[in-house]
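Novice: Residue numbers (our numbering), protein chains in the order written: chain G, 1 to 138; chain D, 139 to 276.
The beta carbon of each residue, even a glycine, is placed where N, CA and C say it ideally should be.
Number of protein chains: 2
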Amino acid sequence: MQIGELARSTGVKIETIRYYEREHLLPVPQRTDGNYRLYSPRHVEQLRFIRYCRSLDMSLEEVRILIEARDAPAGSCRTVNALLDEKMAEVDARVDELRQLQHQLRNLRGLCPQPDEVKTCAILMELNRSARIVKAQI
Amino acid sequence: MQIGELARSTGVKIETIRYYEREHLLPVPQRTDGNYRLYSPRHVEQLRFIRYCRSLDMSLEEVRILIEARDAPAGSCRTVNALLDEKMAEVDARVDELRQLQHQLRNLRGLCPQPDEVKTCAILMELNRSARIVKAQI
DNA sequence: CTTGACCCTGAAGCTACTTCAGGCTTTTCA
DNA sequence: TGAAAAGCCTGAAGTAGCTTCAGGGTCAAG
Ligand SMILES: [Zn+2]
Ligand SMILES: [Zn+2]
Ligand SMILES: [Zn+2]
Ligand SMILES: [Zn+2]
Chain G
1 MQIGELARST GVKIETIRYY EREHLLPVPQ RTDGNYRLYS PRHVEQLRFI
51 RYCRSLDMSL EEVRILIEAR DAPAGSCRTV NALLDEKMAE VDARVDELRQ
101 LQHQLRNLRG LCPQPDEVKT CAILMELNRS ARIVKAQI
Chain D
139 MQIGELARST GVKIETIRYY EREHLLPVPQ RTDGNYRLYS PRHVEQLRFI
189 RYCRSLDMSL EEVRILIEAR DAPAGSCRTV NALLDEKMAE VDARVDELRQ
239 LQHQLRNLRG LCPQPDEVKT CAILMELNRS ARIVKAQI
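Okay, here's the thing in structure tokens:
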């Protein structure tokens, strides 16, 4: 299977596949005489695994850890559990942040129901005012 | 006011301040004979404005748009409203994504209450299984 | 034998900064 | 007075996770 077919069958871009290879997330594939990459079903599985972990918001570094764990069946899965716990805490925190943000944006947007001139726009006035008052947060 | 004092009084790192200048988000400051940057209260305000927008999850490009709007008091504030509407939609969508993610992570984590050997870990088994089934989402 | 689909590499671009290397300027204080 | 320390300068490179680009080779079909 060439890279194009792998890309089609997983929905992952060719460049991304090559990128994962450079990052040692995908095993080095065989090559044809013409230097084309040749993939096996094992590569398809691994690529799907990576993408599924990515869809769970894992970083590539975390994916690497999971792959390592998976490929050492005799080890303990404590690292896996810890990784998930940490990830869950991160996501929870981010959700809280974003919900606050929703609130702020809604309030701000509500200040100017009908667009008019900038010089009387309550949104911009409020942005200026808040900037003066609020301490840097980010 | 030198760059260090500006940094202290706004909570923004010196390097970030220089970065904003390179990006034309902060007006070019005066310089001393020794080539040190000299800032005015106007710079403090502008920097606070930038950081407040950033705390609302605006990109620097969006901050640029807001600054432009603010500095053209005769114009309409339609772009400002549109920007906020778009941002709100983005945030709403991201919250939904993350709440789904919370669900998935919780379920996954629940599969292995007590860490044991990798080869029997239900988390890793489930990751492999889902990777096979689920289409690439990201 | 040439066209077009497919593949290759290495480098650079993206965001929003941070870090680093190497070198000035100004203040302090012994 | 002189030297250390604190503060500032520049340009380049690093961060994550890709994407895009430039320039070129391979292969099947017509
Ligand atoms: Zn409210
Ligand atoms: Zn308005
Ligand atoms: Zn559920
Ligand atoms: Zn387990």
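Can you tell me the Cβ-Cβ gap for PRO251 of chain D and ARG78 of chain G, rounded? I've got them flagged as a contact below 8 Å.
Specialist: Translated into positions along the second sequence, residue 251 of chain D becomes position 113. Translated into positions along the first sequence, residue 78 of chain G becomes position 78. Contact doesn't hold; Cβ gap of about 12 Å is too wide.
Novice: Can you tell me the Cα-Cα spacing of SER40 of chain G and LEU243 of chain D, whole angstroms?
Specialist: Residue numbering aside, residue 40 of chain G sits at position 40 when the first sequence is read from its first letter. Residue numbering aside, residue 243 of chain D sits at position 105 when the second sequence is read from its first letter. Their backbone Cα atoms lie some 30 Å apart in a straight line.
Novice: When we look at the beta-carbon of LYS257 of chain D and count the other beta-carbons within 10 Å, is it buried (16 or more) or exposed?
Specialist: Residue numbering aside, residue 257 of chain D sits at position 119 when the second sequence is read from its first letter. Its Cβ having fewer than 16 others within 10 Å, LYS257 of chain D is exposed.
Novice: With a threshold of 7 Å on Cβ separation, who are the neighbours of THR170 of chain D within its own chain once the five nearest residues in sequence on each side are excluded?
Specialist: As a first step, residue 170 of chain D is located in the second sequence; it is residue number 32 there, counting from the start. Around THR170 of chain D: LEU176.
Novice: Just verifying my parser: in three-state terms, what is the DSSP assignment at SER147 of chain D?
Specialist: Residue 147 of chain D sits at position 9 when you count from the first residue of the second sequence. SER147 of chain D falls in the helix class under three-state DSSP.
Novice: For GLN30 of chain G, write down the residues that DSSP places opposite it in a beta bridge.
Specialist: Stepping through the first sequence from its first residue, residue 30 of chain G is reached at position 30. DSSP output for GLN30 of chain G lists G:LEU38 as bridge partner(s).
Novice: So, with DSSP's three-state summary, where would you put GLU255 of chain D?
Specialist: Against the second sequence, residue 255 of chain D aligns to sequence position 117. Note: GLU255 of chain D maps to strand in three-state DSSP.
Novice: Identify each residue in the region 64-81 of chain G for which the Cβ-Cβ distance to at least one residue of chain D is less than 8 Å, and report them in chain order.
Specialist: Those residues of the region 64-81 of chain G that come within reach of chain D (Cβ to Cβ, closer than 8 Å) are LEU66, ALA69, ARG70, ALA72, PRO73, ALA74, GLY75, SER76, CYS77, ARG78, VAL80, ASN81.
Novice: What residues in its chain sit with their C-beta under 6 Å from that of MET1 of chain G, if we drop five residues either side in the sequence?
Specialist: On the first sequence, residue 1 of chain G is found 1 positions in, with the first residue counted as 1. Cβ neighbours of MET1 of chain G beyond the five flanking positions: TYR39.
Novice: Using 8 Å as the limit for Cβ to Cβ distance, is TYR177 of chain D near chain G?
Specialist: Stepping through the second sequence from its first residue, residue 177 of chain D is reached at position 39. Not one chain G Cβ lies under 8 Å of TYR177 of chain D.
Novice: Compute the Euclidean distance between the alpha carbons of ILE276 of chain D and ARG202 of chain D, then round it to the nearest angstrom.
Specialist: If you number the second sequence from 1, residue 276 of chain D lands on position 138. If you number the second sequence from 1, residue 202 of chain D lands on position 64. Any reading at ILE276 of chain D must be qualified, since the residue scores a pLDDT of 40, below 50, and its modelled position is unreliable; no value is offered.
Novice: In the structure shown, what three-state DSSP assignment does SER197 of chain D receive?
Specialist: By 1-based counting over the second sequence, the position of residue 197 of chain D is 59. Three-state DSSP puts SER197 of chain D in coil, outside helix and strand.
Novice: Checking the sheet assignment: what are the DSSP bridge partners for SER214 of chain D?
Specialist: Residue 214 of chain D sits at position 76 when you count from the first residue of the second sequence. DSSP output for SER214 of chain D lists G:GLU117 as bridge partner(s).
Novice: Does the beta carbon of PRO115 of chain G come closer than 8 Å to any beta carbon on chain D?
Specialist: One-based indexing of the first sequence puts residue 115 of chain G at position 115. At least one chain D Cβ lies under 8 Å of PRO115 of chain G.
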